[in-house]
Each structure stands twice: as C-alpha cells, then as structure tokens.
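To convert, take the position in the sequence shown, counting from 1, and add 159; that gives the working numbering.
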Amino acid sequence: MPLANAPWKALFVSHLEHVGSSTEFALATVGKDGAPRVRYCVHRGFWADLPENPYNKLPRNAAIYDSDCPIFTTDARMNKVAEIFASSAQDGGSGSGSGGGGQVETVYLFKDVMVQWRIRGRCWFLAADDLQNSAVEQNSAVATVKAEVGRFMRQRRADLQPDAWSWLLEVQNVFENLRPGMRGTFKSPPPGLPIGEGQGGPGEDSGQEAGHLKDEPLARKNFRVAIITPDQVEKVDLSNPDKRKRFVWTRNEDGWTTVETTA
Numbered sequence: 160m161p162l163a164n165a166p167w168k169a170l171f172v173s174h175l176e177h178v179g180s181s182t183e184f185a186l187a188t189v190g191k192d193g194a195p196r197v198r199y200c201v202h203r204g205f206w207a208d209l210p211e212n213p214y215n216k217l218p219r220n221a222a223i224y225d226s227d228c229p230i231f232t233t234d235a236r237m238n239k240v241a242e243i244f245a246s247s248a249q250d251g252g253s254g255s256g257s258g259g260g261g262q263v264e265t266v267y268l269f270k271d272v273m274v275q276w277r278i279r280g281r282c283w284f285l286a287a288d289d290l291q292n293s294a295v296e297q298n299s300a301v302a303t304v305k306a307e308v309g310r311f312m313r314q315r316r317a318d319l320q321p322d323a324w325s326w327l328l329e330v331q332n333v334f335e336n337l338r339p340g341m342r343g344t345f346k347s348p349p350p351g352l353p354i355g356e357g358q359g360g361p362g363e364d365s366g367q368e369a370g371h372l373k374d375e376p377l378a379r380k381n382f383r384v385a386i387i388t389p390d391q392v393e394k395v396d397l398s399n400p401d402k403r404k405r406f407v408w409t410r411n412e413d414g415w416t417t418v419e420t421t422a
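Below, the structure written as structure tokens:
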C-alpha cells in the first residue's frame, strides 16, 4: 500500500522553490573499498511529478501519481552507479542497466532560509531500453525497481486508470527536461578517460547535442534516471543561532514518525 503524504515534503518543496530551477545537492555513497565518496548532483524533481520545462516537447504522463522520491540523472559509466549497485543488499540487477538499491545520503543547504536537509534512503536506476527489453535478468531488475519505487507512488486521480501511466514515458520526459547540450553529454567519451588516450568509441565526442531519447541510441545506452526512496529525512533550522531546531522523520510501515531533537 502506498505511503500517505510525507509530512516533510511540503516544506521541503517550498525551500526548493526559493532556489529556482537548478538545485544542487551533495550525494554520498560508499566506494567499493569502503571509503566514503561524495559529489554534487542536480535535483530534477520528484518521480511521477516532474516539473514543467520549456525544453520538453514530448507528451507527458497523465497526472495520476505523485511521490516523495527525489530524482537526478546520471551516466551509467560513472563511479557512483557502480558504487550504488555494489552496496545493495537486494536483487538490484547486475549493474549494467536498471536496478541498484544501495544506500545513499543527500544534503541540501538552502542558504536563503538557513535550513539544511538530509535525505537517507536507497537509490534505484531506470534505463529506458530495459523498460521495453525482454532480457530475463533486466526484467527482474526492472520489476524490483517498480516494486520498491511503487510503494512511494500515490494515486491522486481516481478517475484515471493506472494502466494509462507509462514508466518508459516518464524516463523519456526526464531526459527531455534537460537542455539539448546536457542531453548530448550522454554521448561523450567515458568519464575519467585520460586525455591523449583517444576520444572514446564510435559516435562519442564532447560538445554534442541530443534530441529525443528514442532517437538517440548512444545517449539512451548511457542515460539513467536515479530515484531515491527515502527512509529518513532530517531538517536542521539554523535561521535563529540562539534556538537551532532539528526535526527527524523516519519511515515505518504505517507512514512517518516525527521527532524533534537538539541541533
């Protein structure tokens, strides 16, 4: 049964709106050697509740669902993808496509309101080709992602049939929400390739643009939508130095518990 509305989301969204269309956050993972890894990513909205975007010319899914799952985009060849697959204790796939399920933590700092948010949970990946691929392994991985993410999806339009909502179309719309130049980065040479060791494989080059995901096989091969299913959310209010506040929301079978603690 899907979770009820998360008690933290409305305030979190209001802080996101203060920042505007580009919100960076720090994403922490665990490396294969057990050492911490961190990098900045861009918040791309919430799964099943994508923002409007002037670059997007595709038809959109009907507004049947929403969720509390932040999303970002990444290249399948980046280290964080392998790290998240490696740290998963579930049947999260082989690491070559959809799946994942490793633990992550994000930090958003909204300086204009002096509030820090942390979101801890599991990260799942969706690859467009897997959503229309008959390979047994990837079908299993896709089924796992759909089951795990689906628990966080709330049906908000009872008058519309859930079958009318497409996971593939949602992935395509996430890609379409990117600028053409950003879409083109998924056709670049592999990240971390030393300069002087060639320019990558066929069709790989920097500075390209890309169109629709269905028309871009190379970008489609590398493009992943990353979905975070939150287990714990923490807000630290630093706006009053004399009375800092910390709230911690923890997910359980019945929804969310809220605890106020010392900061």
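We put the CB at the ideal spot given by N, CA and C, even for glycine. Note that the coordinates shown come from a computational prediction; the quantities given were computed from them, not determined experimentally.
Among the residues of its own chain, which have a CB less than 6 Å from the CB of Pro-210, if the five just before and after it don't count? Position 51 of the sequence shown, counted from the start, is the residue given in the question as residue 210. Within the same chain, Pro-210 has close Cβ partners Gly-204.
Handout entry: Residues bridged to Ser-226 (per DSSP)
Key = What you label residue 226 is simply residue 67 of the sequence shown in a count that begins at 1. Residue pairing by DSSP places Ser-226 opposite Met-312 in a beta bridge.
Meets three-Cβ-pair contact criterion under 8 Å: the segment 394-403 and the segment 268-282:
Cβ pair count under 8 Å is three or more, so yes.
| said: Using 9 Å as the threshold, is the C-beta distance between Phe-231 and Cys-200 below it? | reply: Taking the sequence shown and counting its residues from 1, the one referred to as residue 231 is at position 72. Taking the sequence shown and counting its residues from 1, the one referred to as residue 200 is at position 41. Yes, these two residues count as a Cβ contact at 9 Å.
Separation of Val-304 from Ala-385, as counted between CA atoms: As a first step, residue 385 is located in the sequence shown; it is residue number 226 there, counting from the start. As a first step, residue 304 is located in the sequence shown; it is residue number 145 there, counting from the start. Their backbone Cα atoms lie some 11 Å apart in a straight line.
### Query
Can you tell me the Cα-Cα spacing of Gly-176 and Gly-355, whole angstroms?
Counting from 1 along the sequence shown, the entry for residue 176 is found at position 17. Counting from 1 along the sequence shown, the entry for residue 355 is found at position 196. The sequence shown places Glu at residue 176, not Gly. If you take the alpha carbons of Glu-176 and Gly-355, they lie about 43 Å apart.
Nearest-angstrom Cα separation, counted from Thr-421 out to Leu-372
Indexing the sequence shown from 1 puts residue 372 at position 213. Indexing the sequence shown from 1 puts residue 421 at position 262. Near 47 Å, if we compare the C-alpha coordinates of Thr-421 and Leu-372.
Q.
Going by DSSP in three states, Gln-367 sits in which element: helix, strand or coil?
A. The residue labelled residue 367 in the question sits at position 208 within the sequence shown. Residue state, collapsed to three classes: coil.
Practice item. Measure from the alpha carbon of Lys-380 to the alpha carbon of each residue in Ser-226, Phe-284 and Val-189, then state which is nearest. Key: Here residue 380 refers to the residue found at position 221 of the sequence shown. Among Ser-226, Phe-284 and Val-189, the Cα nearest to that of Lys-380 is on Phe-284.
Quick check: what's the CA-CA separation for Pro-349 versus Val-266? Position 190 of the sequence shown, counting from 1, holds the residue named residue 349. Position 107 of the sequence shown, counting from 1, holds the residue named residue 266. C-alpha separation (whole angstroms): 27 Å.
Report task. Just tell me which of Glu-307, Val-240 and Ala-221 has its CA closest to the CA of Asp-208. Result -> Taking the first residue of the sequence shown as 1, we reach residue 208 at position 49. Asp-208 has its Cα closest to that of Ala-221, out of Glu-307, Val-240 and Ala-221.
Cutting at 7 Å between CB atoms, please list the residues of its own chain near Trp-167, excluding the five before and the five after it. Indexing the sequence shown from 1 puts residue 167 at position 8. Same-chain partners within the cutoff: Val-392, Lys-394 and Trp-408.
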